[in-house]
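Under my numbering, the first residue of the sequence shown carries the number 208, and numbering increases by one thereafter.
A short write-up of the structure that comes next.
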Amino acid sequence: MRVCHNLTNKDDSPSLTLLDTMATTSQHPTQIQAYLLFFLFLLSPPLIAQSADTPNSAPSSAQVSIELQTQHDAARKQLAQTQSQLDRVNDYRSNAEKRIKLIESADLRIDAKTGQLLRQQRLSLPTTYSLRKQLKQVNIETTNAEIELLDLTETPPPLVASPEPHSPPTLVNQYQAYITTLRQLSEATKTTLNATENYTNYLDERLLWIPSAQPINSSDFTTELDAIASIFSKQSLGELSDGLLKDCKNFPILWIIATLAFTLLLAVQSKAKRSIETLAVHVQDRHCDSIKPSLLALFVTLVRSQVLPVALIFLAWRSPSPHSWSIGFSIAALSLSFLSFLKSLSVSHGLLDAHIETDKHKLKRIYFHSTWALYTIPIFLFLAFALPAATAQPAGRISFILAMFLSIAFTHSLLLPKKQLLAFENTPSWALKLLYFIGLALPLFFILAYAIGYIDSVQTLFTDTIISITLVGATALFASLCYRWILVARRNFAKHQARKKYQALRAAETNNTEESPPSLEELEATEVDITAVTHQTRRIVRFLTVIIIVFGLWNIWKPVLPALGALDKVSIVQAPVSSEPASHTTTSDPATPITDIAKTASGSNATTTDDSHFFHKGISLGDIFGVIIIVTFTLVAARNIPGLLELSVLRKLNLSPGGNYAITTVLRYGLIATGGLAAFAQVGVSWGSVKWLAAAVTLGIGFGLQEIFANFVAGIIILFERPIRLGDIVTIGDITGRVSQIKIRATTIKQFNNRELLVPNKEFITGQLINWSLADNMQRFEIPVGIAYGSDTQKATDILTKIVHDHPRVLDDPAPSVLFQAFGASSLDFILRGFVNHYDDLIETRSNLHYQIDAAFRDADIEIAFPQTDIHIRSLPEPLQVIHNQAQDD
């Protein structure tokens, strides 16, 4: 019998016993014993858990009852705590709504005192993450308890009565009571979670626009200086150092690892600089055909630039309370990380110089401006965020305003549209102007808001602004590296195609038919336009860059600006509601399955949606925007994905002609189908709502659409089975031509008279087809030759043999042959046979042989026979008979 162990702990551990035994074996343990003790100490938690999960013997009913009672008590205690949290959240919500309603009824603005109170309540709320984790754990515990109850009730009664005081009926009652408490805890957790989320959104919609301090005045300068003196005083620095030393004593291994890592980063700085120069020389070589040097340069640049930011982040993490130093270190590290990385990118022979090939004059200006910004802006930002946390007064405003003015100067220097220092290839002018306007408007807005008292709001927005700038910069760098990869891949792709053409020419010159390489004509038929492939890949990179930036900014700013989430509340199509209320599970019934609780946890209300409706969940404005984005992404990907595959994957597979086309075609249709399904799923179109449409389509396929569906399936078979390929010469019916295009519905055959014929794909699968170049491009020709009776047959054979052997396009292996086929009615019939490399050589070779045979037979006085017929006249008309008789007499 299993027992739920998640709410209780076990104290007995075999690993601890083993440690005690080893410790007592010797008063002076050796170094090996010390290492063993250390590793056993690290392994002791898993051993404890394993010993708890695998008891030596099955527990008795009394033990199960005691442990179950302990778990039940813990669940009741947790239920009481959750109810207390719920009451506290409801009280906060009720009081806040009353206060705000009174203020708004008097046409007053929410004052700073009310804003401070609401912010304190916002910080004291339970986190939604912890509540969701608790709900998940409770559901797991409920499921385990239900399984234990089923095992207990399904166990057959013993033949002999058990002498234990706790009989199975008592355990059943205990389990039922425990399950009831767990379900009550689950309901309370769900209610608390919903109340917390609602109140959090309620506060977030208002706190951003509530001032947290009085407008700036002349006394703020004195307050700023006093705060700076306070935070850098001997007492404050002593508290910081004492706290760090205490943390170092508590977590020595962590500090040792951090110190070694920091020392290692400092030690490799000079080597990293040399590595960047070496990689620059390597990547500037025209024979460089890999993106790895650029990626290595990016990694080395990160190593060089992020030493101090990583150290500040670590200090912010381990700094003691109060959190003034921690907040200051964090903000300073973020700004320092961005500026230091930008400076390292713009050094001579760096990533922007050698790999992305940015103009050197621009790089000098970027390096200069990032250098002075690196040594000024992080310092003022540290003071701006550390001083308010260190003092009860709103200090740090002067430092923040100075930091914003410096940011304006830095932004103006880098983003001025005329200079285009950070402009990428083919960047539109309107984008540069918009970026320049945003770069200047945001610091000015922060200065104004900070000056009139919106300190907490600006700090929240500023943190998200730094993250947004980092996202945009990282995405731009990603796009630049992608362009570098496109350049390298294009160079390799051109080499790959040239190498294949060279192999085809060599095979044609040497008449190599053993390996049967693709012919030059086939390669030309399937040759990929490198320029078009490059443009397709660039379009995908640009589109992905825009998508990453848009979705990244949306996710960054959506929690801060709840108005961005209002699109989900604007309903376009209302969700259909059934007339019957949904059945609710009562928490007091232990027989109710846990799946019903899970449904309730997902937010099911008293009404249920009818799945038979087409849009069973309704459509909001956010869903419409989601469909637009999905459709746009699908179309862009389906249109441009062949270029990306050609550059990245297919050129390395060494597929036969037409194989690349087959893969890209199937993938394109797969992307379109996937995008369509995703778009329908976004608006809530489920299988239950389209099953009638599927039935109608099936019926249509069975009647009117069977030909279309048959051609569709045949097209898929052709693309995978490949009975025909691009560039193949085929004969279907009385039509012969070259396959120029394969689509899902039909295939295009270009005849030799330059006319194109569209043939449904079903004809290639179900009808008779001659593929002249499927397995081998070699073709055999036959030329019948008839000479007159009485001619020298051996001489004619020698002449034909010499002509066919001397022709340059006739293959020596297989050897040509001349056969005396038959005695014809009016001629001696010979047949001349030989082989050529390709079907294109067949017609011209046959024509040349005809000319040579005619000329050679004329020179040899061998008559090429023509049909002759003897006519025997039995009777003539009387006048003609008289003339005939006179002629005989004469």
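The C-beta atom is built at its ideal place from N, Cα and C for all residues, glycine as well.
It should be emphasised that the depicted structure is a prediction, and the values quoted were computed from it without experimental measurement.
Spell out a yes or no on whether the region 380-387 and the region 275-283 are touching, meaning 3 or more CB-CB pairs, one atom from each, closer than 8 Å. yes
Anyone know if the C-beta pair for I990 and L1039 falls short of 9 Å? By 1-based counting over the sequence shown, the position of residue 990 is 783. By 1-based counting over the sequence shown, the position of residue 1039 is 832. Against a cut-off of 9 Å, the Cβ pair of L1039 and I990 comes out as a contact.
Could you check which residue in H619, I870, R875 has the C-alpha nearest to that of E928? Within the sequence shown, numbered from 1, the residue matching residue 928 stands at position 721. Considering only alpha carbons, the answer is I870.
Give me the Cα-Cα distance between N408 and R493, rounded to the nearest whole angstrom. Start at 1 with the first residue of the sequence shown, and residue 408 comes out as number 201. Start at 1 with the first residue of the sequence shown, and residue 493 comes out as number 286. Approximately 57 Å, taken between the alpha carbons.
Taking C-beta to C-beta, are H1045 and N984 nearer than 9 Å? As a working note, residue 1045 is residue 838 in the sequence shown. As a working note, residue 984 is residue 777 in the sequence shown. Yes, the Cβ-Cβ distance between H1045 and N984 is below 9 Å.
In this structure, does DSSP put T793 in helix, strand or coil? Position 586 of the sequence shown, counted from the first residue, corresponds to residue 793. Here the model assigns T793 a pLDDT of 40, short of 50, so the residue's position is not dependable, and the following value carries that caveat. Of the three classes helix, strand and coil, the one that applies to T793 here is coil, per DSSP.
Can you check DSSP and say which residues form a bridge with F1030? Here residue 1030 refers to the residue found at position 823 of the sequence shown. The partner list for F1030 (beta bridge, DSSP) reads L1035.
Would you kindly report the start and end of the unbroken beta strand (DSSP E) that includes A982? To locate residue 982, count along the sequence shown from 1; it is residue 775. Neither: A982 is in no beta strand (DSSP E) and is coded neither H nor E.
Hey, quick one: how far does the alpha helix (DSSP H) through L509 stretch, first residue to last? If you number the sequence shown from 1, residue 509 lands on position 302. From DSSP, the alpha helix (DSSP H) with L509 extends over 499-512.
Can you give me the Cβ contacts of L623 inside the same chain, cut-off strictly under 7 Å, excluding the 5 residues immediately before and after it? Against the sequence shown, residue 623 aligns to sequence position 416. Answer for L623: Y643, listed in chain order.
Under 9 Å between the Cβ atoms of L613 and A656? In the sequence shown, counting from the first residue as 1, residue 613 sits at position 406. In the sequence shown, counting from the first residue as 1, residue 656 sits at position 449. For L613 and A656, no; Cβs fall outside 9 Å.
Work out the CA separation of I977 and F745 for me, nearest whole Å. Counting from 1 along the sequence shown, the entry for residue 745 is found at position 538. Counting from 1 along the sequence shown, the entry for residue 977 is found at position 770. One detail in the question is off: residue 745 reads as Arg in this sequence, not Phe. Going by the C-alpha atoms only, they are around 41 Å apart.
Rank L641, W637, F592, I584 by C-alpha distance to the C-alpha of F617 and give the top, closest one. Along the sequence shown, read from residue 1 onward, the residue named residue 617 stands at position 410. The residue with the shortest Cα to Cα distance from F617 is I584.
Which residue marks the beginning of the alpha helix (DSSP H) containing A739, and which one marks its end? In the sequence shown, counting from the first residue as 1, residue 739 sits at position 532. Counting along the chain, the alpha helix (DSSP H) containing A739 begins and ends at 737-764.
I'd like the list of long-range same chain contacts for L570, defined as Cβ closer than 7 Å, with 5 residues on each side in sequence excluded. Mapped onto the sequence shown, residue 570 falls at position 363. Excluding residues within five positions, the ones whose Cβ falls inside 7 Å are S553, L559, D560.
Kindly indicate which three-state DSSP category V1043 falls into: helix, strand or coil? As a working note, residue 1043 is residue 836 in the sequence shown. Here V1043 sits in strand by DSSP.
Under a Cβ-count criterion, where at least 16 other Cβ atoms within 10 Å of its own Cβ denotes burial, should Q1095 be classed as buried or exposed? Along the sequence shown, one-based indexing puts residue 1095 at 888. That one is exposed.
Give the secondary structure of S291 by DSSP, where H, G and I count as helix, E and B as strand, and everything else as coil. Along the sequence shown, read from residue 1 onward, the residue named residue 291 stands at position 84. Helix.
Which first and last residues belong to the alpha helix (DSSP H) in which A479 is found? On the sequence shown, residue 479 is found 272 positions in, with the first residue counted as 1. Element bounds for A479: 476-490.
The alpha helix (DSSP H) spanning T565 covers which residue range? By 1-based counting over the sequence shown, the position of residue 565 is 358. It is not in any alpha helix (DSSP H) - T565 carries neither H nor E in the DSSP assignment.
Alpha carbon to alpha carbon, how far is L906 from I915? Taking the first residue of the sequence shown as 1, we reach residue 906 at position 699. Taking the first residue of the sequence shown as 1, we reach residue 915 at position 708. Rounded to the nearest angstrom, the two C-alpha atoms are 13 Å apart.
According to DSSP, N978 sits in a beta bridge with which residue or residues? Residue 978 sits at position 771 when you count from the first residue of the sequence shown. In DSSP, N978 forms a bridge with V937.
Under the DSSP definition of a beta bridge, which residues are partnered with G557? For the purposes of this step, residue 557 is identified with residue 350 of the sequence shown, where counting begins at 1. According to DSSP, G557 bridges with nothing at all.
Would you kindly work out how many angstroms separate the C-alpha atoms of L389 and T349, rounded to a whole number? Numbered from its first residue, the sequence shown carries residue 389 at position 182. Numbered from its first residue, the sequence shown carries residue 349 at position 142. Rounded to the nearest angstrom, the two C-alpha atoms are 6 Å apart.
How is P262 classed by DSSP in three states: helix, strand or coil? On the sequence shown, residue 262 is found 55 positions in, with the first residue counted as 1. Per-residue confidence for P262 stands at a pLDDT of 44, beneath the threshold of 50, marking its modelled position as unreliable; no derived number is given.
Since I763 contacts I674 with CB under 8 Å, what's their CB separation in whole angstroms? Taking the sequence shown and counting its residues from 1, one reaches residue 763 at position 556. Taking the sequence shown and counting its residues from 1, one reaches residue 674 at position 467. Between I674 and I763 the Cβ distance is about 6 Å, and since that is below 8 Å, they are a contact.
Beta-ladder partner(s) of A313, from DSSP: As a first step, residue 313 must be located in the sequence shown, where it is residue number 106. In the DSSP output, where bridge partners are listed per residue, A313 has none listed.
Ignore the nearest five residues each way along the sequence and tell me which others in S1033's own chain have a CB closer than 6 Å to its CB. Within the sequence shown, the letter at position 826 stands for residue 1033. Taken in chain order, the residues that qualify are A1072, P1074, Q1075.
Taking all protein chains shown into account, decide if H1057 is buried (16 or more other Cβ within 10 angstroms of its Cβ) or exposed. Translated into positions along the sequence shown, residue 1057 becomes position 850. It counts as exposed.
Hey, is the region 412-421 in contact with the region 317-331, meaning 3+ C-beta pairs nearer than 8 Å? yes
Which residues does DSSP pair with L965 in a beta bridge? In the sequence shown, the residue the question calls residue 965 occupies position 758. According to DSSP, which records beta bridges pairwise, L965 is partnered with T955.
Using 10 angstroms around the beta-carbon of W532, count the other beta-carbons present and answer buried if the total reaches 16, otherwise exposed. For the purposes of this step, residue 532 is taken as the residue at position 325 of the sequence shown. That one is buried.
For the beta strand (DSSP E) holding V946, just list the boundary residues, first then last. As a working note, residue 946 is residue 739 in the sequence shown. 942-949 is the extent of the beta strand (DSSP E) around V946.
Under the DSSP definition of a beta bridge, which residues are partnered with G833? Within the sequence shown, residue 833 is the residue found at index 626, counting from 1. Answer is none; G833 lacks a bridge partner.
Could you check which residue in S664, A352, I747, C689 has the C-alpha nearest to that of Q323? On the sequence shown, residue 323 is found 116 positions in, with the first residue counted as 1. If we check each option's Cα against that of Q323, S664 comes out closest.
Does DSSP put I1071 in a helix, a strand or coil? For the purposes of this step, residue 1071 is taken as the residue at position 864 of the sequence shown. Looking at I1071 - three-state DSSP - the assignment turns out to be strand.
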